[in-house]
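In the numbering used here, the protein residues as written are 13 to 614.
What follows is the structure, encoded as structure tokens:
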């Protein structure tokens with residue numbers, strides 16, 4: 013449309029917008045005659061121009077506009093039923109049948125047509141397309157090369173036959189989901205493809221393994237990726253070194269103890285994305301697709317008799333160098349190898365040899381008990397056992413258990429892992445071996461003949477004991493000082509005196525005892541055993557009494573004792589009583605009267 017006609021239509025649109033209801037038709041009719049167009053065509057052009065200019069008079073809104081016979085809650089129920097019945101990428105139950113089922117169950121009040129309900133679902137963003145939209149994601153960045161590697165494992169299109177041969181999956185009519193028996197036979201024999209991506213440069217590494225996604229395969233791939241490779245001409249290639257963090261899924265291989273300990277020994281942090289959040293490791297997931305389309309798609313044109321894992325990995329490495337060295341990345345505009353080559357020397361941690369790294373998983377995280385002199389012993393392969401001093405490691409006391417692992421970057425130094433009591437995390441310390449001196453003594457040991465005494469630093473156990481003792485012997489002024497603790501212990505003062513009653517709980521329980529009903533009993537027939545005294549013969553007793561009584565002893569005593577005790581003898585404890593009774597009888601006897609001459613003389 014030329015500029016003149018456009019100006020006429022624009023002016024007519026402004027007039028129609030400002031005119032009253034009855035005058036609009038006349039304006040359109042006049043414009044149609046001016047442009048030599050039909051009234052209908054002119055009305056369409058004027059209406060479009062008014063809409064573009066924002067001059068279109070809004071249509072009068074119905075009084076019941078926005079109302080619906082079905083509520084938002086019912087629409088959400090319909091949408092939820094459809095959403096949760098999605099399997100294998102298919103929406104299973106049709107919308108019409110969903111409406112019928114929910115209406116029959118009394119979940120929705122009105123039975124509307126599927127077209128009308130579908131339109132309402134779309135208007136409210138509850139349709140299948142809207143609900144299946146992915147959650148928004150945030151693009152992450154890294155500060156330098158080798159800061160983050162993402163690693164992922166996936167099955168390959170190759171499987172191993174019982175004879176050890178490698179064959180491609182025949183998805184057309186042989187190995188697919190509708191023939192599970194055929195698919196089951198090859199599932200356990202599928203090769204696994206490990207792909208690693210350097211996050212900053214976008215460089216990709218790929219390697220194939222048999223045996224599944226195992227810890228051994230994951231470790232071998234990580235070690236291989238950290239080592240420096242060479243091209244066919246022997247030129248060292250980029251993409252190597254020890255990363256600072258690896259980001260993976262939560263597969264058992266990446267969360268196994270051996271893999272985690274290896275990463276700890278190599279000072280590599282690990283991070284795992286949440287289940288069903290594979291987009292978090294988008295670099296690795298995208299690299300899997302690139303490898304599958306760029307490398308594995310070519311395998312179909314190779315003689316299957318010549319395919320071996322060794323050849324497959326050689327082809328994979330060749331493809332890796334080709335792509336990383338020629339394909340420009342859309343983000344930074346360089347090839348991945350060119351971008352990786354900008355790494356600073358402070359960020360490139362060169363990996364030790366494969367031999368050393370392969371020894372690490374079997375010598376990692378060995379438990380050692382701290383001895384009384386604050387050392388642990390650890391043997392390095394080919395170097396013998398050495399002692400390592402932990403006196404200055406925070407949080408360690410004698411008899412504590414620590415983890416000791418090889419330091420692959422600074423052998424014979426080791427890493428000692430101490431569990432933080434507050435956070436539960438393992439804190440690693442690099443410890444050098446103790447140097448030996450003359451006669452196997454420590455080179456830094458104090459000399460006994462020179463009175464060089466050196467006390468050990470206070471351990472956490474020492475500090476805890478000191479705090480407990482200060483509270484145990486606390487005074488009215490507060491916790492006891494070390495001198496007060498020593499004085500109290502020397503005086504054998506009981507700890508915590510006056511701070512609590514050790515029998516308080518017993519008293520409380522005793523005071524709350526219930527009243528027990530007394531039960532009748534039966535007397536026991538047992539009696540205390542009697543002890544028979546030692547007995548003496550009558551003659552022995554009489555002899556003793558004669559010695560005690562002297563002249564007042566009566567000869568008739570023998571007959572009396574014989575008559576009373578007989579051959580059984582007189583109990584020894586009775587004899588003192590007999591003697592005492594005889595003396596008492598003499599004292600109570602009356603004195604006879606008259607004179608009696610004593611001595612003599614005429």
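Yeah, the Cβ is synthetic: ideal placement off N, Cα and C, and Gly gets one too. Please read all numbers here as calculations on a predicted model, not as lab measurements.
- Taking a 10 Å sphere around the C-beta of residue 383, we find fewer than 16 other C-beta atoms and assign the residue as exposed.
- Residue range 396 to 401 is occupied by the beta strand (DSSP E) that includes residue 400.
- Taking 8 Å as the cut-off, the Cβ atoms of residue 307 and residue 204 do not count as close.
- Pairing residue 381 with residue 471 gives a Cβ-Cβ distance that is not under 8 Å.
- In the structure shown, the three-state DSSP call for residue 96 is coil.
- The C-beta of residue 450 has fewer than 16 other C-beta atoms within 10 Å across all chains shown, which makes the residue exposed.
- Residue 15 has its alpha-carbon roughly 29 Å from the corresponding atom of residue 34.
- Partner residues in the beta bridge of residue 454, as assigned by DSSP, are 448.
- In the DSSP assignment, residue 217 falls within the beta strand (DSSP E) that extends over 216 to 221.
- Rounded to whole angstroms, residue 372 and residue 275 show a C-alpha spacing of 10 Å.
- Judged by DSSP in its simplified three-state form, residue 111 adopts helix.
- Rounded to whole angstroms, the separation of the alpha carbons of residue 208 and residue 161 is 7 Å.
- Straight-line measurement puts the Cα of residue 378 at about 12 Å from the Cα of residue 270.
- Here residue 140 carries a helix assignment [DSSP, helix/strand/coil].
- Straight through space, the alpha carbons of residue 311 and residue 359 are spaced by roughly 37 Å.
- Taking 8 Å as the cut-off, the Cβ atoms of residue 351 and residue 253 do not count as close.
- The three-state reading of DSSP puts residue 318 in helix, counting H, G and I together.
- Below 8 Å, enough C-beta pairs join the segment 551 to 571 and the segment 590 to 599 to call them touching: three or more.
- Among the bridge pairs identified by DSSP, residue 124 is matched with none.
- Just measuring C-alpha positions, the residue of 585, 550 and 584 sitting nearest residue 568 is 550.
- Setting aside the 5 residues that flank it on each side, residue 598 is surrounded in the same chain by 564, each with a C-beta closer than 7 Å to its C-beta; the list follows chain order.
- The alpha-carbon separation between residue 529 and residue 517 amounts to approximately 25 Å.
- Cβ atoms of residue 132 and residue 82 come within 8 Å of each other, at about 7 Å.
- A residue is called buried once 16 or more other Cβ atoms fall within 10 Å of its Cβ, and residue 582 is buried on that count.
- Spatial neighbours of residue 392 in its own chain (CB-CB distance under 7 Å, excluding positions within 5 residues in sequence) are listed in chain order as 418, 423 and 424.
- Contact holds between the segment 260 to 268 and the segment 278 to 289, because three or more Cβ pairs, one in each stretch, are under 8 Å apart.
- If you keep only unbroken beta strand (DSSP E) runs of at least 3 residues inside the segment 220 to 295, you get 257 to 260 and 281 to 284.
- Here residue 381 carries a strand assignment [DSSP, helix/strand/coil].
- For residue 442, the beta-bridge partners assigned by DSSP are 427.
- CA-CA distance, residue 552 to residue 584, rounds to 10 Å.
- Per DSSP, the beta bridge partners of residue 205 are 166 and 220.
- With a beta-carbon spacing of about 6 Å, residue 25 and residue 67 fall inside the 8 Å limit used to define contacts.
- Apart from the 5 residues on each side of it in sequence, residue 104 sits with its Cβ closer than 6 Å to the Cβ of 97 in its chain, given in chain order.
- Taking C-alpha positions only, residue 49 is separated from residue 150 by approximately 54 Å.
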